[in-house]
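Novice: Before we start, here is the structure in question, set down as structure tokens.
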Amino acid sequence: MGDQENRFQPGFSSVIGFLVAVGFFILLFFMMRGIFTILAWAAPFLLIAAVLINYHTIINFGKWLYRLIRGNPIVGIVAVVLCVFGFPVVSGFLFGKALLDRKMQRLLEEKNPQDEFIDYEEISNEPLELKQLERREGQERNDN
0 MGDQENRFQP GFSSVIGFLV AVGFFILLFF MMRGIFTILA WAAPFLLIAA VLINYHTIIN
60 FGKWLYRLIR GNPIVGIVAV VLCVFGFPVV SGFLFGKALL DRKMQRLLEE KNPQDEFIDY
120 EEISNEPLEL KQLERREGQE RNDN
């Protein structure tokens with residue numbers, strides 16, 4: 000009988016779960032709004048920094064949008080509209096991509112330096128003379 004007194008009513012637990020979910024999504028909304036506001040203020044500076052770090056990233060993004068418009072106009076126009084309305088997010092993305100592109104370029108330069116000579120071994124041009132091998136009986140010759 001003590002167990003039955005401590006249990007919630009059947010409909011009460013679903014109401015609590017719903018309220019917790021609503022509270023979570025409200026908290027998530029305000030967090031995302033704050034992040035978007037900060038990105039909106041920082042977006043011009045992030046875009047300028049991306050240009051200074053690696054301007055090829057911005058040019059390649061523009062070329063990608065242009066190819067998207069030429070290949071599939073509806074999807075391309077939707078992408079351009081989303082880029083305009085999502086400018087803070089796009090500028091943050093381009094800033095991060097410019098940083099990663101610069102890092103990759105530096106790593107590749109360290110791995111393959113252009114100024115260093117590569118060690119090699121000279122190979123003689125003299126033909127190599129090998130003794131003829133004897134064929135066993137029953138073996139066919141295959142000169143492919």
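For the sequence shown, numbering that gives the first Met the number 0 begins at 0 and goes up steadily by one.
Virtual Cβ for every residue (Gly too), placed ideally from N, Cα, C.
Count the CB pairs spanning the segment 18–28 and the segment 68–75 that are closer than 8 Å, and state whether there are at least three.
Specialist: Because the criterion of three Cβ pairs below 8 Å is not met, the segment 18–28 and the segment 68–75 do not touch.
Novice: Assuming residue 56 and residue 107 make a contact with CB atoms under 8 Å, what is their CB distance in whole Å?
Specialist: That belief does not hold up - the Cβ atoms of residue 56 and residue 107 are roughly 16 Å apart, past 8 Å.
Novice: Give the DSSP-derived three-state secondary structure of residue 130 in the structure shown.
Specialist: Coil.
Novice: Is it the case that the segment 121–139 contacts the segment 77–94, given that we only count it when at least three CB pairs across the two stretches are under 8 Å?
Specialist: Contact fails: fewer than three Cβ-Cβ distances are below 8 Å.
Novice: Go ahead and pull the three-state DSSP assignment for residue 100.
Specialist: The answer is helix: DSSP assigns residue 100 an H, G or I state.
Novice: Rounded to the nearest angstrom, how far is the Cβ of residue 48 from that of residue 87, given a contact under 8 Å?
Specialist: In fact, because the Cβ distance is near 14 Å, the residues do not count as touching under 8 Å.
Novice: Below 8 Å on the Cβ atoms is my guess for residue 52 versus residue 98; work out the distance and round it to an integer in Å.
Specialist: So it is a contact: roughly 6 Å between Cβ atoms.
Novice: Compute the Euclidean distance between the alpha carbons of residue 118 and residue 101, then round it to the nearest angstrom.
Specialist: About 28 Å.
Novice: Measuring only the C-alpha atoms, how far is residue 11 from residue 41?
Specialist: Looking at the two C-alpha atoms, the distance is approximately 45 Å.
Novice: Taking 9 Å as the threshold (C-beta atoms), are residue 96 and residue 44 in contact?
Specialist: Not closer than 9 Å, so no.
Novice: If we ignore side chains and look at the alpha-carbon of each, how far apart do residue 34 and residue 27 end up?
Specialist: Cα to Cα, residue 34 sits roughly 11 Å from residue 27.
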